[in-house]
Each structure stands twice: as C-alpha cells, then as structure tokens.
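Which chain is which? The protein sequence lines are A and B, in order. Positions 0 to 157 (numbering that gives the first Met the number 0) are the ones given, in order, by the first sequence. Positions 0 to 157 (numbering that gives the first Met the number 0) are the ones given, in order, by the second sequence. The structure appears below as structure tokens.
There are 2 protein chains.
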Amino acid sequence: MLDAERDVQARLGDRPLDFDSLLAISNIYRAAAEVRRRAEREVLADYGLSFGGFTILWVLWVWDEMETARLAEECGLAKGTLTGMLTTLEKQGLITRQRVPSDKRRMLVDLTPEGTDTIDEVFPKFNAFESAMTNGLSSPDKQELARLLRLVITNANT
Amino acid sequence: MLDAERDVQARLGDRPLDFDSLLAISNIYRAAAEVRRRAEREVLADYGLSFGGFTILWVLWVWDEMETARLAEECGLAKGTLTGMLTTLEKQGLITRQRVPSDKRRMLVDLTPEGTDTIDEVFPKFNAFESAMTNGLSSPDKQELARLLRLVITNANT
DNA sequence: CCGGAATAGTTTGGTACCAAACGATTCCAA
DNA sequence: TTGGAATCGTTTGGTACCAAACTATTCCGG
Numbered sequence: 000m001l002d003a004e005r006d007v008q009a010r011l012g013d014r015p016l017d018f019d020s021l022l023a024i025s026n027i028y029r030a031a032a033e034v035r036r037r038a039e040r041e042v043l044a045d046y047g048l049s050f051g052g053f054t055i056l057w058v059l060w061v062w063d064e065m066e067t068a069r070l071a072e073e074c075g076l077a078k079g080t081l082t083g084m085l086t087t088l089e090k091q092g093l094i095t096r097q098r099v100p101s102d103k104r105r106m107l108v109d110l111t112p113e114g115t116d117t118i119d120e121v122f123p124k125f126n127a128f129e130s131a132m133t134n135g136l137s138s139p140d141k142q143e144l145a146r147l148l149r150l151v152i153t154n155a156n157t
Numbered sequence: 000m001l002d003a004e005r006d007v008q009a010r011l012g013d014r015p016l017d018f019d020s021l022l023a024i025s026n027i028y029r030a031a032a033e034v035r036r037r038a039e040r041e042v043l044a045d046y047g048l049s050f051g052g053f054t055i056l057w058v059l060w061v062w063d064e065m066e067t068a069r070l071a072e073e074c075g076l077a078k079g080t081l082t083g084m085l086t087t088l089e090k091q092g093l094i095t096r097q098r099v100p101s102d103k104r105r106m107l108v109d110l111t112p113e114g115t116d117t118i119d120e121v122f123p124k125f126n127a128f129e130s131a132m133t134n135g136l137s138s139p140d141k142q143e144l145a146r147l148l149r150l151v152i153t154n155a156n157t
C-alpha cells in the first residue's frame with residue numbers, strides 16, 4: 000500500500016495528503032459493496048430480497064408498524080427510493096400500506112403475516128452471515144469497528 | 000441500542016443472536032451510503048462525477064493505463080458495470096479506450112489530458128472531504144478502522 | 001373561516017449497479 | 001491445422017437509488 004501512497008504523493012507535489020483518512024474511507028466503501036453483494040447472492044436471493052428490502056423488513060420486525068418518513072430515516076434511504084421499494088415488497092405480499100385516518104398525508108407501513116414469516120426465517124441466516132463476515136475480529140474489535148463507524152456516520156450527517 | 004437488542008432477542012426466542020457482528024456490519028453499510036451521498040453532493044457534483052466515476056479516474060491517475068478487467072477489480076465493480084461507466088467517462092472526454100493490438104479482446108483504458116486535469120483538481124478536494132469524514136478519529140483510530148475493514152473485505156472475498 | 005406555508009408521500013428522469021447471456025478473439029490439444 | 005474451450009468486453013434486463021418537481025392534505029395567522 001505504501002507504493003500507492005508514494006505515487007499519489009508524487010502526483011500531488013507538495014500539496015498535503017491525508018493517507019490515513021483515504022484508506023479508512025475507501026475501505027468502508029469497498030467493504031460495504033462486497034458484503035452487500037455477497038449477502039444478496041448467498042442469503043437474500045433465495046427470498047427474492049434486495050439488501051435494502053431486507054433492511055426494511057428487519058426494521059419493521061424490530062420496531063413494528065412505522066410511518067414512511069421514519070422508515071426511510073431508519074433505513075438510510077431517500078423517501079422516493081422507499082416508495083418504490085415498498086411497492087415491490089407490497090407486490091411480494093410482505094408488507095401493507097395504509098393511510099393514517101387522522102392525517103391522510105401519512106402512511107403506515109406494516110409487515111403482513113407472510114412478511115413476518117419471511118424475516119423470521121431470513122434474519123437468523125443473515126445474522127450468521129454477519130458473523131462470518133466478521134470472522135477474525137474479536138468481540139472488542141467488532142465493538143471498536145462499530146464505534147469508529149458511528150463517528151464517521153455522525154460526521155457525514157453534520 | 001440495547002433496546003433494539005432486547006427486542007430482537009425477544010423475537011428470536013432462544014435462538015442465538017450475534018449483536019456485535021450485526022452492529023459492525025450494519026454500520027459499515029450505513030457509513031458507506033452516507034459518505035457516498037455526501038461526497039457526490041458536495042465534492043463530485045461540480046465535476047459531473049459519480050462516486051464510481053471518481054474512483055475510476057483515481058485508479059487510472061495512480062496506476063496509469065490499465066486493462067478493463069483489472070480496472071473493474073481495482074474499483075470493486077462488475078465488468079458489465081464498468082463498460083457503462085467508461086462510456087459515460089468517454090463521452091465526458093475524461094478517458095480513452097483502445098484495443099490492445101496484440102490481443103484484440105483486450106481494451107486499454109487511459110486518462111485524457113482533460114481527465115488528468117480533472118482528477119488533479121478533484122482529488123485534493125476529495126481527500127479533504129475524507130479528512131472531514133474522519134474528524135474525531137486519531138491517526139491510529141483511522142489505521143485501526145482500515146485494518147478491521149480489510150479483515151471484513153477478506154472474509155467477503157473468500 | 002380562508003388562503004398561503006408547511007408537510008407527507010409519490011412521480012419523474014436519470015445514473016449506477018448486478019448477473020447472466022452473448023459475440024469476438026485467442027489458445028491449445030489432437 | 002482445426003475445432004472446442006477459455007477469455008475478454010459488451011449487451012440485456014432488471015432493481016436500486018438519488019434529487020427535484022409535483023400532489024394532496026393539514027396547519028396556522030389574519
């Protein structure tokens with residue numbers, strides 16, 4: 000990796016280079032993409048779920064029915080994106096949408112029984128997959144990884 | 000976060016739950032998405048570049064001309080995806096493609112002078128953005144973050 | 001009340017991204 | 001030397017994803 004650093008620094012002349020930050024950030028992206036691809040192929044494909052679709056089901060499973068706006072926030076998705084994905088999940092019979100009677104702008108999303116069955120079955124497999132992806136990391140390692148990432152997330156949100 | 004853990008564990012009954020791995024992996028994904036979105040909005044949009052497009056330019060800048068297959072590997076993209084993105088970058092006048100004369104299956108990709116100028120200008124801004132995203136992390140923190148992520152990447156690739 | 005501002009979700013237009021199928025080229029073994 | 005296997009990039013078909021514009025509803029100040 001130091002080869003690359005030398006090459007990059009050479010291109011930059013005497014402009015500064017923060018290589019530690021570069022490696023930290025680029026590895027976040029790389030890790031996310033690889034993990035996502037593998038999860039979709041090895042765990043989620045059998046259930047016709049995308050990574051995002053799984054996340055939606057999982058959030059609903061943990062927190063019960065939820066309004067679209069909050070669901071988008073919890074899943075880290077733009078609200079327009081969520082609309083499309085909810086339509087997909089609805090077609091699959093995994094979730095329902097219903098207007099809030101007292102405020103017809105709002106929409107309440109909930110799992111159907113089929114949705115609950117699905118996440119019931121998928122989640123343990125997904126969690127085992129997560130364990131496999133963190134093989135070689137001790138429990139404190141994982142906690143430290145999560146902590147450092149939360150700092151990055153905070154920075155990205157301010 | 001412990002609320003969620005209790006709720007999830009309740010849903011699982013006495014099935015095992017690896018919450019450390021769950022938090023580590025889910026934060027990778029969340030951090031990647033937030034960082035990507037912000038980079039595209041605040042740094043790359045001015046140059047008409049996507050996150051992936053920037054990565055391609057950067058890899059070519061550091062390693063010079065490269066064949067498509069290796070470029071896809073370096074960028075962590077499927078080769079079909081790369082074809083489309085190279086077409087975009089080619090239209091923007093930032094890269095060129097030429098067949099390898101000795102093996103007409105292969106394609107050599109390189110930066111144009113405009114591409115070089117662009118990445119020359121964008122990279123320092125991007126690196127400053129990376130620094131900002133790792134604000135609050137010490138240098139050893141960043142190195143530790145990169146190390147832990149590399150372990151995850153290795154797991155995802157085996 | 002009533003009309004403009006705020007808010008919730010959807011639509012629109014566009015790129016990015018993947019896996020799998022496909023052509024073109026090269027390699028190799030009989 | 002020749003025909004099948006391997007390899008490279010592209011095409012295809014489909015979802016995910018974003019930002020911005022739009023629609024419907026609610027809220028609020030006069």
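Glycine included, C-beta positions come from ideal geometry on N, C-alpha and C.
Not a single C-beta of chain A is nearer than 8 Å to the C-beta of Thr-111 of chain B.
For Ala-31 of chain A, there are no CB contacts under 8 Å within the same chain when 5 residues up- and downstream are skipped.
Taking CB atoms only, Gly-75 of chain B has a neighbour in chain A less than 8 Å away. Leu-1 of chain A counts as exposed, since fewer than 16 other beta carbons sit within 10 angstroms of its beta carbon. The Cβ neighbour count for Lys-141 of chain B, taken over all protein chains shown within 10 Å, is at least 16; the residue is labelled buried.
Using a Cβ distance threshold of 8 Å, Thr-67 of chain A and Leu-88 of chain A do not count as a contacting pair. Under DSSP, Met-106 of chain B shares a beta bridge with B:Arg-98. Taken atom to atom, the span from the alpha-carbon of Asn-156 of chain B to that of Glu-129 of chain A is near 14 Å. Within the same chain, Glu-4 come within 6 Å of Phe-18 of chain A by CB-CB distance, once the 5 residues on both sides are set aside. In terms of beta-carbon proximity, Met-65 of chain B stays away from the interface with chain A, with every pair separated by 8 Å or more.
Between the region 120 to 135 of chain A and the region 13 to 27 of chain B, the count of Cβ pairs shorter than 8 Å is three or higher; the stretches touch.
Counting C-beta atoms within 10 angstroms of its own C-beta, Thr-86 of chain B has fewer than 16 neighbours from the protein chains shown and is therefore classed as exposed. The region 102 to 118 of chain A and the region 60 to 75 of chain A touch, with no fewer than 3 CB-CB distances between them shorter than 8 Å. At a cut-off of 8 Å between C-beta atoms, Tyr-28 of chain B counts as an interface residue with respect to chain A. By the beta-carbon neighbour count (other beta carbons within 10 angstroms, threshold 16), Ala-9 of chain A is exposed. A check of alpha carbon separations from Arg-29 of chain B across A:Asp-45, A:Gly-51 and A:Leu-16 identifies A:Gly-51 as the nearest.
Bounds of the alpha helix (DSSP H) holding Pro-123 of chain B are 112 to 132. Sequence-ordered contacts of the region 28 to 50 of chain A with chain B read Tyr-28, Arg-29, Ala-30, Ala-31, Ala-32, Glu-33, Val-34, Arg-35, Arg-36, Arg-37, Ala-38 and Phe-50 [C-beta pairs closer than 9 Å].
Not a single C-beta of chain B is nearer than 8 Å to the C-beta of Ser-101 of chain A. Judged by DSSP in its simplified three-state form, Glu-64 of chain A adopts coil rather than helix or strand. For Gln-142 of chain A, the enclosing alpha helix (DSSP H) starts and ends at 138 to 155. With fewer than 16 other Cβ atoms from the protein chains shown falling within 10 Å of its own Cβ, Gly-92 of chain B counts as exposed. At a cut-off of 8 Å between C-beta atoms, Thr-133 of chain B counts as an interface residue with respect to chain A. Setting aside the 5 residues that flank it on each side, Glu-73 of chain A is surrounded in the same chain by Val-58, each with a C-beta closer than 6 Å to its C-beta; the list follows chain order. In the three-state scheme derived from DSSP, where H, G and I count as helix and E and B as strand, Ala-3 of chain B is classed as helix. Taking C-alpha positions only, Ser-49 of chain A is separated from Leu-43 of chain A by approximately 7 Å. For the pair Arg-36 of chain B and Asn-26 of chain A, the CB atoms are not nearer than the 8 Å cut-off.
For Gly-79 of chain B, the enclosing alpha helix (DSSP H) covers residues 78 to 90. A Cβ of chain B is located within less than 8 Å of the beta carbon of Gln-142 of chain A.
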